[in-house]
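Accompanying notes for the structure given below.
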Amino acid sequence: MHGSRELAYRTFCMKLLFLAAFLALFCVSPVIAQKAQGNDASAPKYDPHTETKMTGTVEEVKFPPKGGDKEYAHLILKFGAEMVDVYLCPKSFLEDMGVTFSKGDEIAVTGSKIKHEGADIVLAREVVKGNDTLTLRDDKGNPVWSWQRKN
């Protein structure tokens, strides 16, 4: 009888250990993932001091590869004789807002012109298309899609 009690105790301890490991993984991994997203050093940073306004024609609409939620949807905007890469927001946010862009659309962009990975880009804060205004960032450049998903 002593052996069966010991076996039951070991089984109970193993189940308890497994449950503790599962809960630790379940509770800790979202926190780690959130910190990793928030501290992504390679992500371009909005700089209110370099904010500019431009009007142009959409030459190309680019979306991130499937499964690349961290990647931004962006537009190639013909601004005068210049082509500008305008980073918008995650594709899912555009879909949630019901916004689409197509080649030939006339738009006005307010955003931060910065260098990212050696190229000049604009991080859009606001995009106006016709009578519609899409706000992507607040006045300080913080993305509205991150706090909107939390609310």
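Each residue of the sequence shown is one higher than the last, beginning at 1 in my numbering. Cβ atoms here follow ideal geometry from the backbone N, Cα and C, with glycine treated the same way.
Counted within 10 angstroms of its Cβ, other Cβ atoms place residue i as buried (16 or more) or exposed
i: H49; result: exposed
i: V127; result: buried
i: A73; result: buried
One or two residues paired with residue i in a DSSP bridge
i: E117; result: Per DSSP, none; premise fails for E117.
i: K62; result: H74
i: A108; result: T55 and V128
Residue i versus residue j - alpha carbon distance
i: V86; j: L134; result: 14 angstroms
i: K115; j: A124; result: 14 angstroms
i: N142; j: Y46; result: 8 angstroms
i: S156; j: E59; result: Coverage of the chain is limited to positions 1 through 151, which leaves residue 156 absent and any answer about it impossible.
i: G118; j: E106; result: 27 angstroms
i: K91; j: T52; result: 23 angstroms
i: S146; j: I121; result: 21 angstroms
i: A43; j: N131; result: 31 angstroms
i: L88; j: G104; result: 17 angstroms
Cβ-based neighbour list, residue i, same chain, cut-off 7 angstroms, excluding 5 preceding and 5 following
i: F79; result: M54 and G56
Close beta carbons around residue i, own chain, < 8 angstroms, minus the five adjacent residues each side
i: M83; result: E59, I76 and L77
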